[in-house]
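J.:
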Amino acid sequence: MPILYTLKSEVLEANKSLEKFGLVNFTWGNVSGIDRDEGIIVIKPSGIPYSELKVDQMVVMDLEGNVIEGDYKPSSDTPSHLALYREFKNIGGVCHSHSLWATSFAQAKRGIPVLGTTHSDHFRGEVPCSRPFRDEEITGDYEENTGRLILETFADRDENDIPAVLVAAHGPFTWGKDAMDAVQNARVLEFVAEAAYRTTLLNRDVKQINPLLIEKHFLRKHGKDAYYGQVK
Ligand SMILES: [Zn+2]
Numbered sequence: 120m121p122i123l124y125t126l127k128s129e130v131l132e133a134n135k136s137l138e139k140f141g142l143v144n145f146t147w148g149n150v151s152g153i154d155r156d157e158g159i160i161v162i163k164p165s166g167i168p169y170s171e172l173k174v175d176q177m178v179v180m181d182l183e184g185n186v187i188e189g190d191y192k193p194s195s196d197t198p199s200h201l202a203l204y205r206e207f208k209n210i211g212g213v214c215h216s217h218s219l220w221a222t223s224f225a226q227a228k229r230g231i232p233v234l235g236t237t238h239s240d241h242f243r244g245e246v247p248c249s250r251p252f253r254d255e256e257i258t259g260d261y262e263e264n265t266g267r268l269i270l271e272t273f274a275d276r277d278e279n280d281i282p283a284v285l286v287a288a289h290g291p292f293t294w295g296k297d298a299m300d301a302v303q304n305a306r307v308l309e310f311v312a313e314a315a316y317r318t319t320l321l322n323r324d325v326k327q328i329n330p331l332l333i334e335k336h337f338l339r340k341h342g343k344d345a346y347y348g349q350v351k
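Following this line, the structure appears as structure tokens:
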């Protein structure tokens, strides 16, 4: 099976899974994947319902945003995805949604603090919220500027440690080793956002957990000394 067909199928399935996992209403989300060797990305076409999506509707582009293959307009958020692929060299997939709990934190302009080990199993610290947009960033190349804003938010953070961000007043972006991994991180993000909200309701004075516990749980699952799960 050609690589491109495989990538298109993966990105199609990842987009369809957004609805299955309850991360989107209507067409409020998009997933992309990249083939680093070929320098091409595949992304959802704009505005087509997930249930109607077909593999040959996926849009194939280069990293400069030129459409290489496909008859449809790519997702309007494509420039944000491209900005992440250009700077975050290890990532293979990007997911954007307006999932309810993560979007609630984004609208509150609050990062999601580490209140438990479910969070630190996946994110090595607070999931940050960007600063608000400036006027000229909204009136200019808005989607490109969304990508820039995410990169600015990660200027002193490691995208490999925290594969998620909240764009203030907008919603979450997540990334991962491929398209489906980016969706999985969006699912975990949604869980930890809801759990953080509920935890704060139960105890308004709750603090971020012990940094040692954050490190312990993150490093059990990530990096060279990871030991969680079965040896492959
Ligand atoms: Zn959006």
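Just so we're aligned: the sequence shown equals residues 120 to 351 in the working numbering. Note that the Cβ used here is the ideal one computed from N, Cα and C, for glycine as well. Remember, predicted model here, so these are calculated numbers, not experimental data.
(1) Hey, out of Glu132, Leu285 and Glu271, whose CA is closest to phenylalanine 207's CA?
(2) Taking 7 Å as the cut-off, does the CB of glycine 212 come closer than this to any heavy atom belonging to ligand 1?
(3) Name the DSSP beta bridge partners of isoleucine 160, please?
(4) Which residues have a Cβ closer than 7 Å to any heavy atom of ligand 1, listed in chain order?
(5) Is the distance from the Cβ of glycine 152 to the Cβ of glycine 189 below 8 Å?
(6) For the candidate residues Ala227, Ala298 and Pro198, whose alpha-carbon lies nearest to that of leucine 182?
(7) Using a Cβ-Cβ cut-off of 7 Å (strictly less than) and excluding sequence neighbours within five positions of arginine 205, which residues of its own chain qualify?
(8) So that I know if they touch, is there some Cβ in chain C lying closer than 8 Å to that of tryptophan 220?
(9) Less than 8 Å separating the beta-carbons of threonine 318 and leucine 201?
(10) To which residues of the same chain is leucine 219 closer than 6 Å at the C-beta, ignoring the five residues directly before and after it?
(11) Would you give the residue range spanned by the beta strand (DSSP E) that isoleucine 283 belongs to?
(12) Taking the CB atoms as reference points, tell me whether serine 195 and serine 165 lie closer together than 8 Å.
(13) Compute the distance between the beta-carbons of valine 130 and alanine 298, then report whether it is under 8 Å.
(14) Mapping the DSSP letters down to three states, classify serine 216 as helix, strand or coil.
(15) Which term fits glutamate 334, buried or exposed, when burial requires 16 or more other beta carbons within 10 angstroms of its beta carbon?
(16) In the DSSP assignment, what residue or residues form a beta bridge with isoleucine 231?
T.: Put simply:
(1) It is Glu271.
(2) Answer for glycine 212: no, Cβ out of range of ligand 1.
(3) Per DSSP, the beta-bridge partners of isoleucine 160 are Ile153 and Met180.
(4) Any residue whose Cβ sits closer than 7 Å to a heavy atom of ligand 1 makes the list: Trp147, Asp196, His215, His217, His289 and Gly290.
(5) Taking 8 Å as the Cβ cut-off, glycine 152 and glycine 189 do not qualify as a contacting pair.
(6) Proximity to leucine 182 across Ala227, Ala298 and Pro198 peaks at Pro198, based on C-alpha coordinates.
(7) So the qualifying residues of the chain are Leu182.
(8) As a matter of chain content, chain C is missing from the structure shown, which is built from one protein chain.
(9) Not in contact: threonine 318 and leucine 201 (Cβ atoms no closer than 8 Å).
(10) If the five residues before and after leucine 219 are omitted, its C-beta is found closer than 6 Å to no C-beta atom of its own chain.
(11) Here residue 283 turns out to be alanine, not isoleucine, going by the sequence shown. 283 to 286 is the extent of the beta strand (DSSP E) around alanine 283.
(12) In this structure, serine 195 sits near serine 165, with a CB-CB distance shorter than 8 Å.
(13) Yes, these two residues count as a Cβ contact at 8 Å.
(14) In the structure shown, serine 216 sits in a strand (DSSP, three-state: E or B).
(15) Exposed.
(16) For isoleucine 231, the pairing in a beta bridge is given by DSSP as Val246.
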